[in-house]
Amino acid sequence: MSLPRQLRDESDFDQLPNDVPVAATIADIEEKKGFIDYYVFVIEVKNKGSSKYLIYRRYREFLQLHQLLETKYSGEGSESPGPATWSLPTLPGKIYLGNKREIAESRIPELTLYMKKLLALPTWLLLDEDLRMFFYQSDVDSMEQPQNLRRLRPPRAEKTVKEKMDLLSSPRAEVLFDFRGSGTTELNLKKGQLVFLLRQVNADWLEGTVKDHTGIFPQSFVKIIKPLPPSDCDNAEGPSYSCLRCFLVQPHASDTRDVCVQEDLGHEPAYKDLLSRMRMVFQKEDIALNYRDLHGDLIRLLDDEDVLLMIQQSRLRPRTQDRPDNQFLWELHVTLTSDLSVYTPTVQPIAFRGFLMISE
């Protein structure tokens, strides 16, 4: 770079507002457990005024930003690029298959380099509204509680193992509602059982032991008899969970699961997300999703409109006391796609206005 050009760029940089981002690095990845699990990148941003803050972005948000910048500045396909064109850094390509965590981990150095090159672009481009909004800390970002920040903080010292406590003096809770975990790390609980508490995982989840099995479970399903000491509640801050009760309905057997997700009770999931989650929970591919209407009839879901109707009808049901406060009012009944006998033995289902009803 020539000296006059270097001096001009330095002068332009000095005139930038202090809130313009000038550096960014990925501090960690965090898993978000909605109806579809995904990972976000925890990014530490430094602005020209030397302030630092954290933002949370998915890969698809990187992709959206890159496509917007390409539309405005790349000049590709133009025979005579205009004055507002520039060669943009290459964004790592989308990966469709593989372990989600491994994919996210492998992208950390690539996306960090991408952001470094992006923020090294000419000063006039740093003022782009879409670029600034990507690195802006929104209200949602500011409310997040970072977990580890592995790439910013040194490794934590290992905690000393506590001596085994006398069970009669241990923190414990009584189970108020049945809970059937949807993963190997979650406990199955029966109403009336006693659970010995080990630690507070976050604001909504506890880890405990029952009948020699150790796992996590929602705090809303139990009544605390003796609370954990403060030293075991360090991680009480965390995301809020809501639980969905779902049933696998088969001709001669049934299975019940409670699926807990980082969504509020007013969330309206997409049909394809529900179908994907139920396939994962029950480990079956050829399934259909159903719900019971206000008359108790089994109705098959076919699209997003049916999901919305199911949620609307659930709000008309009288609230019962025998459910946790953080449980969805609607429930899913999962059946095998080809098995029509679960409806009634003498009737056939027909499609009507986007959903499946039973007609004699």
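Each residue of the sequence shown is one higher than the last, beginning at 1 in the UniProt record's numbering.
Backbone N, C-alpha and C fix where the C-beta goes; we use that ideal spot for every residue, glycine too.
None of the values given here were measured: they were computed from a predicted structure.
Residue i - partner residues in DSSP beta bridges
i	result
W205	P218
H213	V210
H66	DSSP lists no partner for H66.
F135	For F135, which the question treats as bridged, DSSP gives no partner whatsoever.
R257	C246
L197	G208
Q145	Q145 pairs with nothing; no bridge assigned.
K52	K46
A27	Per DSSP, none; premise fails for A27.
A288	T335
D37	K33
V175	V222
Q327	C243
E186	I216
P21	N47
R317	R317 pairs with nothing; no bridge assigned.
R58	Note: R58 sits in no beta bridge, so no partner.
C-alpha distance - residue i paired with residue j, whole-angstrom precision
i	j	result
residue 384	A288	Outside the displayed span of the chain (1 to 360) sits residue 384, for which this structure offers no information.
L16	T123	8 angstroms
L131	L125	8 angstroms
residue 361	F135	Residue 361 is absent from the structure shown; the chain starts at 1 and stops at 360.
L302	Y271	8 angstroms
G192	K226	16 angstroms
D14	K284	60 angstroms
Q200	Q145	15 angstroms
T184	K52	38 angstroms
A351	D306	Here the model assigns A351 a pLDDT of 48, short of 50, so the residue's position is not dependable and the matter cannot be decided.
K116	V22	9 angstroms
L187	C246	16 angstroms
T209	A104	32 angstroms
V334	A27	40 angstroms
L206	P109	34 angstroms
Y291	L127	51 angstroms
W86	P92	19 angstroms
D178	S314	21 angstroms
R279	L197	31 angstroms
Y343	L119	59 angstroms
V249	K72	53 angstroms
residue 393	Q262	Residue 393 falls outside the range modelled here, since the chain spans only 1 to 360, and no answer is possible.
L121	L54	22 angstroms
C260	R277	11 angstroms
R323	F282	22 angstroms
S74	E61	19 angstroms
L309	G215	35 angstroms
H213	L336	31 angstroms
N202	M143	15 angstroms
D325	P218	11 angstroms
A253	K33	29 angstroms
V20	D304	40 angstroms
R58	M133	14 angstroms
S80	E129	Bear in mind that a pLDDT of 44 at S80, under 50, signals an unreliable position, so the number given afterwards is only what the model happens to contain. Approximately 25 angstroms between the Cα atoms of the pair.
Q137	D204	26 angstroms
Minimum C-alpha distance to residue i - residue among the options
i	options	result
A173	F221, E129, L301 and M280	F221
P318	L309, P324 and L329	L329
K46	T25, F62, S314 and I29	T25
Y39	C260, R107, S242 and D204	R107
T112	P89, H333, E129 and L127	P89
Y114	L265, E30, T214 and H66	H66
L189	I224, S169 and K211	K211
R180	C243, L118 and P171	C243
V195	R277, S170 and E129	S170
L316	D293, P324, K32 and K33	D293
G266	Y241, Y59, M143 and P218	Y241
D255	Q219, L332, K33 and F217	L332
Proximity below 8 angstroms, CB of residue i to CB of residue j
i	j	result
P251	S341	yes
G49	N18	yes
R257	S182	yes
F41	L274	no
K94	L63	yes
S338	D286	yes
Y56	D139	no
I311	E268	yes
E30	D37	no
Heavy atom of the ligand COA within 7 angstroms of residue i beta-carbon
i	result
E144	This structure lacks the ligand COA; in fact it carries no ligand of any kind.
Cutoff 8 angstroms: residue i Cβ touching any chain B Cβ
i	result
L228	The structure shown contains no chain B; it holds only a single protein chain.
Would you check if the stretch 282–300 and the stretch 132–150 touch, i.e. whether three or more CB-CB distances between them fall below 8 angstroms? no
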